[in-house]
Each structure stands twice: as structure tokens, then as C-alpha cells.
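Trainee: Residue numbers (this note's numbering): 247 to 491.
In this text, a Cβ means the ideal position worked out from N, Cα and C, and glycines have one as well.
What follows is a structure written as C-alpha cells; I'll ask about it next.
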């Protein structure tokens, strides 16, 4: 049941209906977020593998569009809200929270969305002709592993999903996922071993800039870690060609 709720929360994929739903069940389902990431990544890898036989740019468009569609733009919305808040708050904590809760999209949010979608499109195009295409399977999983880390390690900015996740998560939950994800990364795409460092860096950034974490910060972190890992998976093989390790 918790896995189904995790899929329902993070994706728009069809799932069986949960009749005995409660908010506590949803927050407890967070421990399955990395597995949902693997499911998303598997769909992206399959789409990219099939479509790249036709044209790499067309395949990149399909992968990027599927990435947005399967998540319903949930994390992009968090990225846009955080960008607007950081751009308009001027280090005023109350204004930052007010702007994040505002449903309207501002210029900072628009720019963040454009930059993120273009980055994913271009990086997916480069990855589709790289030997590390299987990295697509693991990148969404690592980003959602970050949610476990950020929710537990950072203070919540206000009542909401981040605070609810914090009550149900323990260090064991993200350590349990760290080992298999690291092993798969070492096998399929060693550049993804940078993921824990990127997750930690986002935590430090949030502490410095906003003082904690919220649901929008979690969504923004997923997007930033995904694009960062895409960049690592593209650049690492190029460096190996020029600098023998």
C-alpha cells in the first residue's frame, strides 16, 4: 500500500485505488521514493533507447517530455516557486514563505523553468549517444533519495509535507537505499557516485539561503540533482577520453 501511495504522489502513472487513505500513510510512504525513481528512470531509459534509433534529438525530446509528463511537473513547480521566492524575498523569511505559497508564476520562476527544461533536453541528447545511457535509470532514484536526506536532516520552514516526512524518516531509511544505489552506479555509470555530494550541497545551499526545507525546496532539489547528475554522466566519459584515469 505504501509503495502504491508513493507512486501516486510522485507520478501520474495509473495505480490501484487506495480506499483506506490517510495523510500518515502518505508520509510513511516516503521510504519508497527511491524505488519510484527507479521506475521513472526505467521508463526514461526504455524510451530513449527505442527513440534514439530514429534520431537522437527526437529521442531527447521524447525523454524530456516523458520526464515532465510522468511526474506531472510536480518538481518543476517547486523549482519555480523557490526561484520566485529567492528572487523577491530579499532575505526576508516571512516574504520568502509568502511568495512560495503564492500560486502565481513570476519572472524568476519562468527563467528557472526555461533553464531547467533546456538543460535536461540538451543533456539528454548528449547522454543518448554516450556509453552511459543506463545512467537514466538511476538519476531519478538518486534525486528522490535526496528527499529522504533533506527531510530528515534539515529543519522545516513551515508546516507541510517536508515537516510530515521528517517525523517518519530516520537515518536508516536513506542508508538502506544508499548502498544499492551506489553499487548500481559503480556498475552502470560511476559518475553517479557524485550523487551524495550533490544532495549534501543542496542541503547546505538551503540552510544558507532559506534556513531550512519545505515541499517546494524538496521539489527544486530533485530537479537540480537530476540535472547535475545528467551533466556528470555526460562530462565524465569525455574527460576519460582526454585524461586517462
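Our contact map puts residue 400 next to residue 449 with C-beta atoms below 8 Å; I'd like the distance itself, whole angstroms only.
Mentor: 6 Å
Trainee: If contacts are defined as beta-carbon pairs under 8 Å, then residue 376 and residue 483 qualify, I think. What distance do you get, rounded to the angstrom?
Mentor: Their Cβ separation, rounded to whole angstroms, is 6 Å, which keeps residue 376 and residue 483 in contact under 8 Å.
Trainee: According to the Cβ coordinates, are residue 288 and residue 379 closer than 8 Å?
Mentor: The criterion of a C-beta distance shorter than 8 Å is not satisfied by residue 288 and residue 379.
Trainee: What residues in its chain sit with their C-beta under 8 Å from that of residue 424, if we drop five residues either side in the sequence?
Mentor: 391, 442.
Trainee: Grouping DSSP H, G and I as helix and E and B as strand, with all else coil, what is residue 456?
Mentor: coil
Trainee: In this structure, how does DSSP classify residue 436 when only helix, strand and coil are distinguished?
Mentor: DSSP places residue 436 in helix when its eight states are reduced to three.
Trainee: Hey, residue 335 and residue 342 are a contact pair by Cβ (cut 8 Å); roughly how many whole angstroms apart?
Mentor: 4 Å
Trainee: Taking 7 Å as the limit between beta carbons, can you name the residues of its chain near residue 312, skipping five residues before and five after?
Mentor: Here the set comprises 289, 290, 293.
Trainee: Compute the Euclidean distance between the alpha carbons of residue 422 and residue 276, then round it to the nearest angstrom.
Mentor: Going by C-alpha positions, residue 422 is about 13 Å away from residue 276.
Trainee: Excluding five sequence neighbours on each side, which residues of the same chain lie with their C-beta closer than 7 Å to the C-beta of residue 259?
Mentor: 253, 316
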